[in-house]
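J.: Here the protein sequences come in this chain order: A and B.
By our numbering, the letter at position 125 of the first sequence is numbered 125, and the numbering carries on one by one without gaps.
Each position in the second sequence, counted from 1, maps to that position plus 134 in our numbering.
C-beta: ideal position from N, C-alpha, C; glycine also.
Since we're looking at a predicted model, the values are computed, not measured.
Protein chains: 2
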Amino acid sequence: MAEESVQVCLCPLEGVIDTISKKWALLIINILGNHGRLRFNELMSGLEGISPKTLTDTLHLLQEEGLLRREAFAEIPPRVEYSLTADGGELLAAIRPLIRWAARREGFSETGCSPHCRRGPGHHGRKGKPVKSA
Amino acid sequence: MAEESVQVCLCPLEGVIDTISKKWALLIINILGNHGRLRFNELMSGLEGISPKTLTDTLHLLQEEGLLRREAFAEIPPRVEYSLTADGGELLAAIRPLIRWAARREGFSETGCSPHCRRGPGHHGRKGKPVKSA
DNA sequence: CGGGATCCTAGGGGATACTG
DNA sequence: CAGTATCCCCTAGGATCCCG
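In structure tokens:
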């Protein structure tokens, strides 16, 4: 097999796996890619279901990875904006094929649910992890 | 923002995230894609570091997802071979951009380490999670 | 050889309360 | 507003043993 291309080793993936494995990471990358710059609470509502701790945590991680940029303004009230770096944008582009593949598999129209479905109440609860409202 | 393409929602990703999040899933998909068909212990050595339970577990998951096929031969000694399904192959193709992106980021040559580096001693231990041999 | 059953652990992630 | 700190729970995943 593998006649369709060279054999690709997963070594490079090692570094990415723990990033994309971070349940919310891709969500953040994506929402940020779609909206440009967002503030903490905008992300909170956009992701709806994430806890502040987890958001902060993931945000820090992505920041360290150089995927997103954090800009704080010393104002009252405080304002902090997050946006993708070039790297983050490339990551977003890189996972698009994956999204399309997933979309085809699950019968999503993919472009038809942009505005409303970025919030996922039962996000990861598909297997047997009720969100709480269940 | 998002001028390069339509806004992509992550709904479809919900289903994929828990697959790609499975630390070893992509490794298995890839190794299987490169080697065609592999037996349990071949996977064990190829992944080197995975526990039989986890391998079995992940194998089952991927099987249920229809990404790989399991063929058991009633012989002595028993032989079981795993190979990608068409879907699995598509997934592999879908994550290639991701791999290339990761490879570029980390300075891998990506095609230069195929034969030897599919085993990762310190696979996920990059951040501070020594494998045990450390 | 393949892999199921069991046990155990680290830590990811949610909730809540509190602070700068 | 934008976090941080704390607590707790739960699941993924490693180790081990054993069976077909």
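1. Compare the C-alpha of Leu-181(B) against each of Glu-81(A), Glu-14(A) and Glu-90(A) and name the closest.
2. So that I know if they touch, is there some Cβ in chain A lying closer than 8 Å to that of Glu-240(B)?
3. Quick one: does Gly-88(A) have its CB under 8 Å from some CB of chain B?
4. Using 8 Å as the threshold, is the C-beta distance between Arg-37(A) and Val-80(A) below it?
5. Could you check whether the Cβ of Val-214(B) sits closer than 8 Å to any Cβ belonging to chain A?
6. Can you pull the chain A neighbours of Ile-184(B), defined as C-beta to C-beta under 9 Å?
7. Is there at least one Cβ from chain B nearer than 8 Å to Val-16(A)'s Cβ?
8. Using a C-beta cutoff of 8 Å, does Ser-21(A) count as contacting chain B?
9. Please report the straight-line C-alpha distance between His-60(A) and Thr-19(A), rounded to a whole angstrom.
10. Do the CB positions of Trp-158(B) and Ala-94(A) come within less than 8 Å of each other?
11. Starting from Glu-71(A), follow its DSSP beta bridges and name the residues at the other end.
12. In whole angstroms, what is the alpha-carbon distance linking Leu-62(A) and Gly-33(A)?
13. Any beta-carbon of chain A closer than 8 Å to the one on Pro-211(B)?
14. Does chain A have any CB closer than 8 Å to the CB of Leu-160(B)?
15. Going by DSSP, what residues sit across from Leu-38(A) in a beta bridge?
16. Using a Cβ-Cβ cut-off of 7 Å (strictly less than) and excluding sequence neighbours within five positions of Gly-66(A), which residues of its own chain qualify?
17. Would you check if the distance between the CB atom of Ile-163(B) and the CB atom of Leu-226(B) is smaller than 8 Å?
T.: If we stick to the structure as given:
1. Glu-14(A)
2. yes
3. no
4. no
5. no
6. Near Ile-184(B) there are no residues of chain A at all, since even the closest Cβ is about 13 Å away, more than 9 Å.
7. yes
8. yes
9. 11 Å
10. no
11. Glu-81(A)
12. 13 Å
13. no
14. yes
15. Tyr-82(A)
16. Thr-85 and Asp-87
17. yes
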